[in-house]
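Peer 1: Pasting a structure below so you can have a look.
Structure representation (structure tokens):
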């Protein structure tokens, strides 16, 4: 079990955890959401196949009121 | 045999259970014990006008009627629960500490005057006479005399005590509503067991939306994170609730008789995040000590976080959402304030007793929900 | 008939009023203001919302004929802004981005050096960049030169309601660039929006003036009228300002004493 960071918060992650599984496990809706790992965008088509390595820093953003 | 199951043991769930317990055969409350429950950390301001925003007149009407029910509710909770809920009626003082805030204060005064509640405008000296602990930076104030406040910890304890005495069980554990055909007919426990019920009351606060979705219903609640601090001075330094904006940070200070002061609160749309952040602590402490400097030497008791149940129009969902399902959720910042209204609405939905016309705009499936794009 | 549409970043807009979503008291209030304004573009910010999407701002606007324009508010550096723009493009399926690079929370003024860097990078990545900038015509021209789809000069600091502090600078900026000029930030009331259009701006973006007004929907419709009025006045050819009077009635044939 490794630890990754999601939106600034530490989270344990099993070695083969994919982005898609992370979103599903954390109850994150899949539409209107974007994911970056270590400062780089990960396209939605790659979510199911992108595995989160140890110490990955993940950002999950969605639109909200502002501007 | 009318069995009621209530999902959620926050203020909405407990007041609903208590409101029904005399007139139905059985009430059971389930609470999943999730982090971020708003009710235990809420400050307990019962102020229909202090936070009033333009365009929320319907909510204000419901809130104003609900506040008027609090003195009686407090008395009944004391009798039934054996706990003094700390109802205070010293009112609110809205303060301006900066030139830019004077205009906002005037705006709020006009807003209140339009509702027929013109507040008294006080100069700095009068404010400090009322509250000697106020900073000399205070420039002016508005006095809202009809505002109340309540000790939320005591309210929850009183309700739990009252329910216990009536034989109403409060069980720990996550449950979700279940349907049979078009009716909601009970709840399923995490063990897989199903407990039947004639009525399920959904009062799960920020978590109500996924639970409603389990039976195919859309209840537009989203979590709105709030952080607040509890300070304590050796002897009380304040009598009224204070509200101000300091360098753009809105802050309130709610005093309790035991010297505790609740300082709040931040507001962030950031999902189910329940972290206590330095940013919130800094902002709230700087703002609070700008208003009441001697709080710098108070005891810092706790840094709390809760998830308010926010909705698209800031109003609650009260009433029957589907056969067998009553919702009492989406109370946003007004859970305690609206407790009397919630009790009336739940009784109306389950027992057919009289409803308040002020609650009509807050039924489920109202126009703000009828939009293309929602599941 | 001259249909006075605005061609912006590949789209044709009939409304020259763009609305920001920040500051609205509720999603419902925002929605009503959007409808009253007649706007076709609403900005949103990108945040760590942790999956509460579904009761979010885009759902409140989903059935309205508006294009959602993400901004990079909160970003202090070009690097942050570029990443947020890419995330926004992914989340909202749009190539439009309102680029904001703002290091100072008190003034909320843009860092033009970082702004130019971010704009260059994003244009190269295929974005239609709408940069929030100061009222300096030199910077505006640079932004156009690196390929921005418009420039968005501020009238005054965000949320200040001070209107257009330096109308002369805005007019000079308008003359310096050929891309659309969208006055963004500082608008307080309808006359400010009309003035922006009279100075030659192609459109106006405002948020607080509407969302924090006492009656946001009424202010939104006022802004709609003001933007139209200012635009029409600009196209109608105003009279010059004179130092001395010029009579509008004939001087001859006046009754004798």
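Protein chains in written order, with the working numbering: chain G, 105 to 171; chain B, 720 to 1094; chain S, 291 to 547. Ideal Cβ positions, reconstructed from N, Cα and C, are used throughout, including at glycine.
(1) Kindly provide the ranges of any alpha helix (DSSP H) runs that are 4 or more residues long and lie completely inside the stretch 797-882 of chain B, ordered along the chain.
(2) Using a Cβ-Cβ distance under 8 Å, would residue 128(G) count as near chain S?
(3) Please tell me whether residue 446(S) has its Cβ less than 8 Å away from any Cβ of chain B.
(4) Identify the continuous alpha helix (DSSP H) that holds residue 1067(B) and give its terminal residues.
(5) Tell me which residue opens and which closes the beta strand (DSSP E) that residue 889(B) is part of.
(6) Per DSSP, residue 418(S) is paired with what?
(7) Go through its chain and collect everything with a Cβ distance to residue 140(G)'s Cβ below 6 Å, but skip five positions before and after it.
(8) Return helix, strand or coil for residue 356(S), following the three-state DSSP convention.
(9) Straight-line CA distance for residue 1012(B) to residue 857(B)?
(10) With distance defined between alpha-carbon atoms, name the residue in 763(B), 916(B), 876(B) nearest to residue 726(B).
(11) May I ask you to list, following chain order, the residues of the stretch 317-339 of chain S that have a beta carbon less than 7 Å from some beta carbon of chain B?
(12) Tell me which same chain residues have a C-beta within less than 8 Å of the C-beta of residue 823(B), skipping the five on either side of it?
(13) Can you give me the C-alpha to C-alpha distance between residue 452(S) and residue 444(S), rounded to a whole angstrom?
(14) Please name the residue in 1022(B), 791(B), 859(B), 1086(B) whose C-alpha comes closest to that of residue 996(B).
(15) Is residue 998(B) close to chain G, meaning its C-beta is less than 8 Å from at least one C-beta of that chain?
(16) Could you pull the start and end residues of the beta strand (DSSP E) that residue 758(B) belongs to?
(17) Which full runs of the beta strand (DSSP E) of 3+ residues lie inside the stretch 303-381 of chain S, going along the chain?
(18) Is the Cβ-Cβ distance between residue 919(B) and residue 903(B) less than 8 Å?
(19) On the three-state DSSP scale, how would you describe residue 960(B)?
(20) Assuming residue 943(B) and residue 1026(B) are in contact, meaning their beta carbons sit under 8 Å apart, how far apart are those beta carbons, in whole angstroms?
(21) Rounded to whole angstroms, what's the CA-CA distance from residue 1090(B) to residue 940(B)? Just pull it up for me.
(22) Where does residue 147(G) land, buried or exposed, given buried means 16+ other C-beta within 10 angstroms?
(23) Residue ranges of each alpha helix (DSSP H) run of no fewer than 4 residues wholly in the stretch 978-1017 of chain B, ordered along the chain?
(24) If the criterion is Cβ atoms closer than 8 Å, does the pair residue 422(S) and residue 380(S) meet it?
(25) What's the C-alpha gap between residue 508(S) and residue 313(S)?
(26) Following the continuous alpha helix (DSSP H) through residue 498(S), name the residue where it begins and the one where it ends.
(27) Quick one: using the 10 Å Cβ neighbour count with 16 as the cut-off for buried, is residue 770(B) buried or exposed?
(28) Determine the closest residue to residue 862(B) out of 885(B), 877(B), 958(B), 951(B), with distance taken between C-alpha atoms.
(29) Please report the residue range of the beta strand (DSSP E) in which residue 910(B) lies.
(30) Excluding the five sequence neighbours on either side, which residues of its own chain have a C-beta within less than 6 Å of the C-beta of residue 1008(B), listed in chain order?
(31) Expressed to the nearest angstrom, what Euclidean distance is found between the alpha-carbon atoms of residue 1092(B) and residue 796(B)?
(32) Does residue 115(G) get closer than 8 Å to chain B when you measure Cβ to Cβ?
(33) Using a Cβ cut-off of 9 Å, pull out every chain B residue sitting near residue 492(S), in sequence order please.
(34) Which residues in the same chain have their Cβ closer than 7 Å to the Cβ of residue 402(S), if we skip the five residues on either side of it in sequence?
(35) Using CA coordinates, which residue listed in 1004(B), 954(B), 838(B), 732(B) is at the minimum distance from residue 975(B)?
(36) Along the chain, where does the beta strand (DSSP E) containing residue 948(B) start, and where does it finish?
Peer 2: Concretely, from the data shown:
(1) 818-833, 843-849
(2) Counting from one through the first chain, the residue named residue 128(G) turns up at place 24. No, because no Cβ of chain S sits closer than 8 Å to the Cβ of residue 128(G).
(3) Here residue 446(S) is taken as the residue at index 156 of the third chain, counted from 1. Closer than 8 Å: no.
(4) Reading the second chain from its first residue, position 348 is the one you call residue 1067(B). That run of the alpha helix (DSSP H) goes 1058-1070.
(5) For the purposes of this step, residue 889(B) is taken as residue 170 along the second chain, with counting starting at 1. First-last of the beta strand (DSSP E) with residue 889(B): 888-891.
(6) Walking along the third chain from the start, residue 418(S) turns up at place 128. Paired residues: 386(S).
(7) On the first chain, position 36 is the one that residue 140(G) refers to. For residue 140(G), where only same-chain residues beyond five positions count, the Cβ hits under 6 Å are 163.
(8) Within the third chain, the letter at position 66 stands for residue 356(S). Three-state result, residue 356(S): coil.
(9) For the purposes of this step, residue 1012(B) is identified with residue 293 of the second chain, where counting begins at 1. For the purposes of this step, residue 857(B) is identified with residue 138 of the second chain, where counting begins at 1. C-alpha separation (whole angstroms): 11 Å.
(10) In the second chain, the residue the question calls residue 726(B) occupies position 7. Per the Cα distances, 916(B).
(11) 317, 318, 319, 337, 338, 339
(12) Locating residue 823(B) in the second chain gives position 104, where the first residue counts as 1. These residues qualify, in order along the chain: 815, 964.
(13) For the purposes of this step, residue 452(S) is identified with residue 162 of the third chain, where counting begins at 1. For the purposes of this step, residue 444(S) is identified with residue 154 of the third chain, where counting begins at 1. If you take the alpha carbons of residue 452(S) and residue 444(S), they lie about 11 Å apart.
(14) In the second chain, counting from the first residue as 1, residue 996(B) sits at position 277. When only C-alpha atoms are compared, the closest one is 1022(B).
(15) The residue given as residue 998(B) occupies position 279 in the second chain. Judged by the 8 Å Cβ criterion, residue 998(B) is not in contact with chain G.
(16) Translated into positions along the second chain, residue 758(B) becomes position 39. It is not in any beta strand (DSSP E) - residue 758(B) carries neither H nor E in the DSSP assignment.
(17) 307-310, 331-337, 357-360
(18) In the second chain, residue 919(B) corresponds to position 200, counting from 1. In the second chain, residue 903(B) corresponds to position 184, counting from 1. Yes.
(19) Counting from 1 along the second chain, the entry for residue 960(B) is found at position 241. It is a strand residue.
(20) Taking the first residue of the second chain as position 1, residue 943(B) is located at position 224. Taking the first residue of the second chain as position 1, residue 1026(B) is located at position 307. Sure, about 7 Å apart at Cβ, within 8 Å.
(21) The residue given as residue 1090(B) occupies position 371 in the second chain. The residue given as residue 940(B) occupies position 221 in the second chain. With a pLDDT of only 46 at residue 1090(B), under 50, the local geometry of the prediction cannot be trusted, and the value read off the model is given with reservation. In a straight line, the C-alpha of residue 1090(B) is about 15 Å away from that of residue 940(B).
(22) Position 43 of the first chain, counted from the first residue, corresponds to residue 147(G). Burial call: exposed.
(23) 997-1010
(24) Taking the first residue of the third chain as 1, we reach residue 422(S) at position 132. Taking the first residue of the third chain as 1, we reach residue 380(S) at position 90. Not closer than 8 Å, so no.
(25) Counted from its first residue, the third chain places residue 508(S) at position 218. Counted from its first residue, the third chain places residue 313(S) at position 23. Cα to Cα, residue 508(S) sits roughly 16 Å from residue 313(S).
(26) Indexing the third chain from 1 puts residue 498(S) at position 208. It spans 498-501 - the alpha helix (DSSP H) in which residue 498(S) sits, taken as one unbroken run.
(27) Position 51 of the second chain, counted from the first residue, corresponds to residue 770(B). By the 10 Å Cβ count, residue 770(B) comes out buried.
(28) Stepping through the second chain from its first residue, residue 862(B) is reached at position 143. Comparing Cα positions, the closest option is 958(B).
(29) Counting from one through the second chain, the residue named residue 910(B) turns up at place 191. Unbroken run through residue 910(B): none, as it is neither H nor E.
(30) Along the second chain, one-based indexing puts residue 1008(B) at 289. Cβ within range, chain order: 1014, 1015.
(31) As a first step, residue 1092(B) must be located in the second chain, where it is residue number 373. As a first step, residue 796(B) must be located in the second chain, where it is residue number 77. Note that residue 1092(B) has pLDDT 29, beneath the 50 cutoff, so the model's placement of it is unreliable and no number is given.
(32) Stepping through the first chain from its first residue, residue 115(G) is reached at position 11. By this cut-off, residue 115(G) is not an interface position.
(33) Here the question's residue 492(S) lines up with position 202 in the third chain. Within 9 Å Cβ-Cβ: nothing; residue 492(S) doesn't reach chain B, min ~31 Å.
(34) Counted from its first residue, the third chain places residue 402(S) at position 112. Answer for residue 402(S): 423, 424, 429, listed in chain order.
(35) Working through the second chain from its first residue, we reach residue 975(B) at position 256. Closest by alpha carbon: 954(B).
(36) Residue numbering aside, residue 948(B) sits at position 229 when the second chain is read from its first letter. Residues 941-951.
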